[in-house]
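Numbering (the numbering used here), first residue to last: 2 to 99. Glycine included, C-beta positions come from ideal geometry on N, C-alpha and C. Model, not experiment: these values are computed from the prediction.
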Amino acid sequence: MPTFIGKAPEIATIQTVARALGLEITRRWVYLTYDCWGRQIDFVYGVGCCDGQMFGPIEADGPSEAEVAFTAIMAKLGLSPEQAMQFPAFERGFWSEP
Numbered sequence: 002m003p004t005f006i007g008k009a010p011e012i013a014t015i016q017t018v019a020r021a022l023g024l025e026i027t028r029r030w031v032y033l034t035y036d037c038w039g040r041q042i043d044f045v046y047g048v049g050c051c052d053g054q055m056f057g058p059i060e061a062d063g064p065s066e067a068e069v070a071f072t073a074i075m076a077k078l079g080l081s082p083e084q085a086m087q088f089p090a091f092e093r094g095f096w097s098e099p
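If you want it as structure tokens, here you go:
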């Protein structure tokens, strides 16, 4: 979804793309974007669906706020904070300086 890079699209736009991709037949899906600045994740935006219920957008700006928002997004999918932090992109110390 290159047209979404660097953007926080409206929920209706995300739903349209999800339908076009056939995601309405899945139990769970999420559109997640995040930005890093100075090696830290400092922006998170997520919209998704769990068991037919749309959620979001959940959005945060700032490193500590972004981590809270990310775990909230993953909680909507049924993941604990510990499980959420096992996301490979975040296992590199992006939440805080090493």
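What's the gap between the Cα of residue i and the Cα of residue j?
i, j, result
"residue 63", "residue 45", "9 Å"
"residue 59", "residue 70", "6 Å"
Which of the three DSSP states is assigned to residue i in this structure?
i, result
"residue 56", "strand"
"residue 27", "coil"
"residue 73", "helix"
"residue 13", "helix"
"residue 84", "helix"
Count the other C-beta atoms from every protein chain shown that fall within 10 angstroms of the C-beta of residue i, then say buried if there are 16 or more, exposed otherwise.
i, result
"residue 13", "exposed"
"residue 83", "exposed"
"residue 11", "exposed"
"residue 39", "exposed"
"residue 47", "buried"
"residue 15", "buried"
Find out if the Cβ-Cβ distance for the pair residue i, residue j is shorter than 8 Å.
i, j, result
"residue 20", "residue 78", "no"
"residue 61", "residue 75", "no"
"residue 42", "residue 67", "yes"
"residue 56", "residue 34", "no"
Let me check understanding here. Comparing Cα to Cα, which of the options lies closest to residue i?
i, options, result
"residue 36", "7, 52, 53", "7"
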